Amino acid sequence: MRQRNRVLGWTVMPLFLLACGAFTIYYFVENPGGAMAARLLIYPNVFKLIQQHVLLVVVSSLLAIATALPLGILISRPRFRTLGLVVENVVNVAQTVPSLAVLALAFTFLGWGFNTAVFALWCYSLLPILRNTYAGIRSVSPSILEAARGMGMTPGHILGRIELPLATPIIMGGIRTAVVINVGTATLATFIAGGGLGDLIVTGIGVRRTELILAGAILSAVLAILLDHLLSQAEAEFG
Amino acid sequence: MSFWEFFITRLDRVWALTLEHAWLILVAVAIAIAVGVLVGVLITYSRPAAHGALYFCQVMMTVPSLAMLGLLLPLFGIGFTTGVIALTLYSLLPIVRNTYLGIREINPAVIEAARGMGMRELSILRRIKLPMAFSVIMAGIRTATVMVVGIGAIAYCIGAGGLGEFIFRGISQYNKDLIVIGAVCISLLAILADFLLKRTEKRLSFRS
Amino acid sequence: MIKLEQVSRVFPGSEVPAVVDLTMTIGDGEVCVLVGPSGCGKTTTMKMINRLIDPTSGKIYVNDQDTSKIDPIALRLGIGYVIQEIGLFPHMTIAENVATVPREKGWPRDRINQRVDELMHLVGLNPGTYRNRLPADLSGGQRQRVGVARAMAADPPILLMDEPFGAVDPITRARLQNEFLRLQEQMKKTIVFVTHDIDEAIKMGDRIAVMRDGRLVQYEEPDKLLSMPADDFVATLVGRNRSIKRLHLIKVNDVVQNETPFVTPEASVDEIRSAMEERKTNTVLVVNAVNKLQGVISRAELKGVEGARAAQIAQPVQNTVEWGATLNDALAVMLNYGERYVAVVNSREELKGVITLNYLLDLVRDDAAA
């Protein structure tokens, strides 16, 4: 039963979502609903926007993982205990700052463009990964660590063989949250000329063309659901 | 003109937009609490309904907020109402989920004791389940509120008003001061809402 | 009176019924203990009485009323319900917990407050100290007391108790059991008591229902259960040393021997000697004119005291048990003082008789032979 659910999770649901996306592209390119929208709703343009969107998400998420994971491990070391507590509190407050605000603030000193958007997304998605890495490692019971030390394991081995494996589910949860947030925030990149599917939505709102809005909205929603689903599968698999 | 001089000249506008923003949040979260707690309570009585409702809310949460606003626009048009609807939808998930989990996590023995002593379902709900799940539900309300303060800023672009105006105007006019005012005000509003709700929760929840 | 008639219960999705064809009657003022291994259906049976679970077939009558025809809320408000300490409402104070049923019944506030204080006194918790505490602030034993008080709040004639003393240490449990038995002597409630502990069942029950795989194996008074187990299952459950367990059940009042060798305080050494010869014992008790126990004299103490009176030679008696104690208590006292008898006295220290070790040995031997 579990095995079957797993196979279904990796195949049926993603294929269904991809089909939804493909149908959306096909439908709106064939029925753009006006000359204005027809200029934007052509296959090369739609694919370009999807590509930009995915790139924004993937690059910023990978950067966030690459920085937040080591940082989270570092601040969980006993010798940085106070630093860890400080970071934890700062992150909790910083997470209440809305993503649009982060994007806009990044714009004020980096200007227009894709890179600014990546920077803002990176900044914002650092937080959940950092917090969960720290919390995950700290949640490992002290008695397990003591047992490991008592058996003569080196700190490096304890980290690699005990702490990280036990913290994996929580860390994976943080990464999933970060990626989903990034898909959402990436739609806002259009406001600072960062590209992505937000272009379609915002232009659509501007020129009152429902087809544009729907195409952008549905595609970004499908992308978000797809990534969230894949990550939740990965979480179940490796967590 | 320095940032502060600029800020002072805009003070009236800052105040007006902050109130507008807060009102938008308040209406949306109030509706979401009423609907979300009700739904959260109802689905505790049926496991399939709970799975369905929670999965639905979960999927809705992953939909990017700009996409959600875009999807609602053709249905409800431009304006405050569409903003409220979108924000309500987003705040439903944390509230529904936490109400459900808060009640489900209560030790079944406690509820059985209440039933065994002859308490009616409504008074069990009012006197046992909701009070015991209170802090979990409040945590959900807090998450929802903080989240929709941010989404509220985006709702500006479908004409729902609020502090988003500063950010969008700032970007289009390339006015950094305006952006900073907007970003800081929204962030402070979110932090303030979080703080106030946390305090309310502490004051109202039972000492445990 | 509670009557179960051919009651069965099958849980959906389960092949094996939880309770099969159960018929039994619980008399007014009786403590009926349902006992058996986990999964034997004892808790299910209890929960069918207040309709937390409805029987699949069969009828249950409480005071000759068919429970399936009574509104479950009304039924439950008339039946006290005690479960393990976790059943206390953690967010309510002790007073609020105890007041649950009266509040549900809509009593006026004054009456509720008065009743709460009364009940807390009854179970030995000082209302001044504990009224406004939360369950988390109390010890395990105190929480169990609150559970009992809460169940008795509206003075229901029937109590259902599911392992009410399960989650505390053995010493506290014994104390709670004794207190509860004392309360029951005054209250005379009809009690259905669920436990997996056969010793608790024997101690608490007027009648014991042994259950296994949803069936009633034996329904008897504790004494009969021990002396005549219906089958091997019951015999194993009550254990090998069941004749010793029976000592728990027999009160000294019922078996005390009145032909005690005793002398008056004025008796001379010769009189003491002849009393010993007559009874073939090495000790005699000294009892005064109003039957008060003055002391004990053993043969060794008679040497070199010619001319003295019994009162001068007598040693104080320590190996006594009170009227109302069990034979088990008597045995414990004998072992404690290394004597072959105990003196039974009432609360005014008047001698009621003695119980000898030989008597206990005979009793246990007869039992084992039976």
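Chains as they are written, first to last, in our numbering: chain A, 1 to 239; chain B, 1001 to 1208; chain C, 2001 to 2370.
Don't be surprised by glycine CBs; every beta carbon is placed ideally from N, CA and C.
None of the values given here were measured: they were computed from a predicted structure.
Ignore the nearest five residues each way along the sequence and tell me which others in residue i's own chain have a CB closer than 8 Å to its CB.
| i | result |
| --- | --- |
| Ile144(A) | Ile162 and Leu166 |
| Leu2216(C) | Leu2022, Thr2023, Met2024, Ala2209 and Val2210 |
| Leu2075(C) | Asn2050, Arg2051, Val2062 and Thr2067 |
| Phe1076(B) | Thr1082 and Ile1085 |
Apart from the five residues on each side of it in sequence, which residues of its chain come closer than 7 Å, Cβ to Cβ, to residue i?
| i | result |
| --- | --- |
| Ala1133(B) | Thr1099, Gly1102, Ile1103 and Ile1106 |
| Ile2272(C) | Val2263, Val2284, Ile2297, Leu2302 and Ala2310 |
| Gly136(A) | Ala167, Ile170 and Ile171 |
| Pro2157(C) | Lys2189 and Thr2190 |
| Asp2169(C) | none |
| Asn182(A) | Val57, Ser60, Ser61, Leu121 and Ser125 |
| Met1215(B) | Here chain B has residues from 1001 to 1208 only, and residue 1215(B) is not among them. |
| Thr177(A) | Pro128 |
| Leu230(A) | Pro14 |
Buried or exposed for residue i, please, with buried defined as at least 16 other CB atoms from any protein chain shown within 10 angstroms of its CB.
| i | result |
| --- | --- |
| Gln2312(C) | exposed |
| Ser1172(B) | exposed |
| Ser1208(B) | Confidence at Ser1208(B) is low in this model, with a pLDDT of 42, below 50, so its placement is unreliable and the value that follows should be read with caution. With fewer than 16 Cβ atoms within 10 Å of its Cβ, Ser1208(B) is classed as exposed. |
| Gln2084(C) | buried |
| Tyr124(A) | buried |
| Val2007(C) | buried |
| Val90(A) | exposed |
| Ala2201(C) | buried |
| Pro2316(C) | exposed |
| Lys2069(C) | exposed |
| Ser1046(B) | exposed |
| Arg149(A) | exposed |
| Ser1187(B) | buried |
Would you tell me roughly how many angstroms separate the C-alpha atoms of residue i and residue j, rounded to the nearest one?
| i | j | result |
| --- | --- | --- |
| Asn2063(C) | Met2001(C) | 5 Å |
| Phe23(A) | Ile201(A) | 18 Å |
| Leu2088(C) | Val1110(B) | 6 Å |
| Asn2050(C) | Pro2072(C) | 7 Å |
| Asn2291(C) | Arg2309(C) | 18 Å |
| Pro1131(B) | Ile1008(B) | 45 Å |
| Tyr2219(C) | Leu2225(C) | 8 Å |
| Cys1185(B) | Asn2097(C) | 47 Å |
| Val2082(C) | Ala2330(C) | 33 Å |
| Met2204(C) | Leu2181(C) | 7 Å |
| Gly1150(B) | Thr2045(C) | 56 Å |
| Arg131(A) | Thr2236(C) | 58 Å |
| Lys2280(C) | Ser2274(C) | 9 Å |
| Met2334(C) | Pro2164(C) | 33 Å |
| Asn1175(B) | Ile1181(B) | 10 Å |
| Gly2080(C) | Ala101(A) | 59 Å |
| Ala2230(C) | Val2238(C) | 11 Å |
| Ala1144(B) | Ile1033(B) | 10 Å |
| Gly2058(C) | Leu2004(C) | 8 Å |
| Val2345(C) | Gly2353(C) | 7 Å |
| Met2092(C) | Pro2135(C) | 8 Å |
| Asn2253(C) | Leu2357(C) | 16 Å |
Taking C-beta pairs closer than 7 Å, name the residues in chain D that residue i reaches, listed in chain order.
| i | result |
| --- | --- |
| Phe107(A) | Among the protein chains in the structure shown, which are A, B and C, there is no chain D. |
Below 6 Å CB to CB, which residues in the same chain sit around residue i once its five sequence neighbours on both sides are set aside?
| i | result |
| --- | --- |
| Leu2052(C) | none |
| Ala2267(C) | Ala2310 |
| Phe1195(B) | none |
Stretch-stretch touch, CB-based, cutoff 8 Å, three pairs: the region 1096-1104 of chain B with the region 1050-1067 of chain B: yes
Residue ranges of each alpha helix (DSSP H) run of no fewer than 4 residues wholly in the region 121-157 of chain A, ordered along the chain?
142-150
Open item on the list: When you compare the region 1060-1072 of chain B with the region 188-206 of chain A, are there three or more beta-carbon pairs, one atom per stretch, that lie closer than 8 Å?
Closed with: yes
What are the uninterrupted segments assigned as beta strand (DSSP E) that are 3 or more residues long and contained completely in the region 2139-2181 of chain C, given in chain order?
Correct list: 2158-2162.
Would you say the region 178-195 of chain A touches the region 1012-1024 of chain B, given that touching needs at least three Cβ pairs under 8 Å? The count of Cβ pairs closer than 8 Å, one atom from the region 178-195 of chain A and one from the region 1012-1024 of chain B, stays below three, leaving the stretches out of contact.
Can you find at least 3 beta carbon pairs, one from the region 102-109 of chain A and one from the region 35-47 of chain A, that sit closer than 8 Å? With the cut-off at 8 Å, the region 102-109 of chain A and the region 35-47 of chain A do not touch.
* Could you tell me whether the region 1159-1174 of chain B touches the region 2123-2130 of chain C, where touching means 3 or more Cβ pairs closer than 8 Å? => Per the Cβ contact rule, the region 1159-1174 of chain B is not in contact with the region 2123-2130 of chain C (fewer than 3 Cβ pairs under 8 Å).
Complete runs of the alpha helix (DSSP H) confined to the region 150-194 of chain A [at least 4 residues]: Complete alpha helix (DSSP H) runs here, min 4: 164-186.
*Return the chain-ordered ranges of every beta strand (DSSP E) run that is complete within the region 2189-2272 of chain C and spans a minimum of 3 residues.*
2190-2195, 2207-2212 and 2215-2220
Review point. If you pair each beta-carbon of the region 2311-2326 of chain C with each one of the region 2341-2352 of chain C, do three or more pairs fall below 8 Å?
Key: Yes, since at least three Cβ pairs between the region 2311-2326 of chain C and the region 2341-2352 of chain C fall closer than 8 Å, the two stretches touch.
Is the number of C-beta pairs between the region 1136-1154 of chain B and the region 215-226 of chain A that are closer than 8 Å three or more? Between the region 1136-1154 of chain B and the region 215-226 of chain A, the count of C-beta pairs closer than 8 Å stays below three; the two stretches do not touch.
(request) Report the residue ranges of all beta strand (DSSP E) runs contained in full by the region 1108-1165 of chain B; include only those spanning at least 3 residues, in chain order. (result) none
Problem - Inside the region 2007-2092 of chain C only - alpha helix (DSSP H) runs reaching at least 4 residues - result: For the region 2007-2092 of chain C, whole alpha helix (DSSP H) runs of length 4 or above, ordered along the chain, are 2042-2049 and 2072-2077.
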